[in-house]
Structure formats: C-alpha cells, structure tokens
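S.K.: Numbering (the numbering used here), first residue to last: 39 to 166. C-beta: ideal position from N, C-alpha, C; glycine also.
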C-alpha cells in the first residue's frame, strides 16, 4: 500500500529510522476499489445523511473503499517454536510501539492490544 511504501522511503532516507525497514513487509501489489454510485453503500449514505437527530444535528456517513494488498509471505507468530525467536518478536513489537509513542509529541499509543491471530513475523536471511 502507498503508506507502507512511503514509510519505507522515509526510513531508507536516514539512519534515524532505518530500524523500520526490518518491521515493514515488502508490498508486491496494491489496489483501491471505490464502491460504485449505484451500490447499497451509496443508498445507505444518502438515506442516513438526509436523516436528522432529535436535536436537529445531522449524521455524516463516511464512504468506504476496499483496499487490497499483496505482500511478501508473513508467518503467524504461533508458527515460531524457539523461545528466543518468540522473545525477539515480542521485544521488537514493544520497542516499535514505544519508539512511536516517544518520538511523537502527542500520545499516539492509547492501548496496545497484542492479539494472537493478528501478529505476524517475517523471515529474512539474517533474522526473524
């Protein structure tokens, strides 16, 4: 996706953020599909946006789009068998989140939810 490519370019441009390159997947392809004007979503938007709340305020329905991305192969964290590799992945996750929190002037990290089914790792030739 475009934002991942921009993050990779930013990280590659200097040493300060070079660590990011080890944590972002390589994107092979991506596409955005905008929902058509004759879709159920468009009818829902028109219906909801024309309605009013009891206090006279209106509702804004934000259009959705379908984003598709194809990346290099990622592996479920549950496929890791070595305690050392599992510890390294968790350390990397926590360090990445902490760096993001510290480097921004406003707090970006409200909560960190480590959900087993969503955590993936990538294998490189030198490390996980």
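1. Take residue 130 as the anchor and find which of 59, 87, 89, 83 has the nearest alpha-carbon.
2. So what does DSSP say about residue 158, is it helix, strand or coil?
3. Taking the alpha helix (DSSP H) that residue 42 falls in, what are its first and last residues?
4. Rank 123, 112, 119, 104 by C-alpha distance to the C-alpha of residue 69 and give the top, closest one.
5. Out of curiosity, what's the CA-to-CA distance linking residue 45 and residue 66?
6. Under three-state DSSP, which class holds residue 129?
M.R.: Reading off the structure:
1. Counted from its first residue, the chain shown places residue 130 at position 92. Closest by alpha carbon: 59.
2. Looking up residue 158 in the chain shown gives position 120. Strand, per DSSP.
3. Taking the chain shown and counting its residues from 1, one reaches residue 42 at position 4. From DSSP, the alpha helix (DSSP H) with residue 42 extends over 40-50.
4. Walking along the chain shown from the start, residue 69 turns up at place 31. Taking each of 123, 112, 119, 104 in turn and checking the Cα distance to residue 69, the smallest one comes out for 104.
5. For the purposes of this step, residue 45 is taken as the residue at position 7 of the chain shown. For the purposes of this step, residue 66 is taken as the residue at position 28 of the chain shown. Cα to Cα, residue 45 sits roughly 15 Å from residue 66.
6. Residue mapping note: residue 129 aligns to position 91 of the chain shown, counting from 1. In this structure, residue 129 counts as helix in the three-state DSSP scheme.
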